[in-house]
Amino acid sequence: VQGGTESGVGLAARARMLPDRDDASIEMPALRALLRISEAVFRAHYFDEVLEVIAEQARSALSAASMSICRWEPDRAALRVLVN
Numbered sequence: 003v004q005g006g007t008e009s010g011v012g013l014a015a016r017a018r019m020l021p022d023r024d025d026a027s028i029e030m031p032a033l034r035a036l037l038r039i040s041e042a043v044f045r046a047h048y049f050d051e052v053l054e055v056i057a058e059q060a061r062s063a064l065s066a067a068s069m070s071i072c073r074w075e076p077d078r079a080a081l082r083v084l085v086n
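See the structure below:
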């Protein structure tokens, strides 16, 4: 693809989609969420604990009312809810 990428979106277009890097008020909640997630990964004894923190931090960073983490199980053709 000339002037773009395989997805059809060029670097200039991608740059316009991203928030301004100088706007710390936008980045701080996401950075705090990533820090809490990394701490949970480091301290967790069980994967379920990590998933709970990831879901809560993602929900908070996105200002969402709720968050679910699911896994597709192709052998059962089912979506398994890991965190709700």
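For the sequence shown, the working numbering gives the first residue as 3, with consecutive numbering after it. Glycine included, every Cβ here is placed at the ideal spot set by N, Cα and C. Every value quoted in this text rests on a predicted model; they were computed, and no experiment measured them.
(Q) Are the CB atoms of arginine 73 and arginine 82 within a distance shorter than 9 angstroms? (A) The residue given as residue 82 occupies position 80 in the sequence shown. The residue given as residue 73 occupies position 71 in the sequence shown. Yes, the Cβ-Cβ distance between arginine 82 and arginine 73 is below 9 angstroms.
Q. Valine 43: buried (16+ other C-beta within 10 angstroms of its C-beta) or exposed?
A. Here residue 43 refers to the residue found at position 41 when the sequence shown is read from its first residue. Its Cβ having fewer than 16 others within 10 Å, valine 43 is exposed.
Q: Could you check how far apart the C-beta atoms of valine 52 and arginine 38 are, in whole angstroms? I think they sit under 8 angstroms.
A: As a first step, residue 52 must be located in the sequence shown, where it is residue number 50. As a first step, residue 38 must be located in the sequence shown, where it is residue number 36. The pair is not a contact, with the Cβ atoms about 11 angstroms apart (cut-off 8 angstroms).
(Q) Using the three-state DSSP reduction, which class does arginine 78 fall into: helix, strand or coil? (A) As a first step, residue 78 is located in the sequence shown; it is residue number 76 there, counting from the start. Reduced to three states, the DSSP call for arginine 78 is coil.
Q | Contact check, alanine 63 vs arginine 34, beta carbons under 9 angstroms | A | Taking the sequence shown and counting its residues from 1, the one referred to as residue 63 is at position 61. Taking the sequence shown and counting its residues from 1, the one referred to as residue 34 is at position 32. Their beta carbons are under 9 angstroms apart, which means alanine 63 touches arginine 34 by this criterion.
Q: Could you tell me the boundaries of the alpha helix (DSSP H) in which leucine 64 lies?
A: Translated into positions along the sequence shown, residue 64 becomes position 62. Neither: leucine 64 is in no alpha helix (DSSP H) and is coded neither H nor E.
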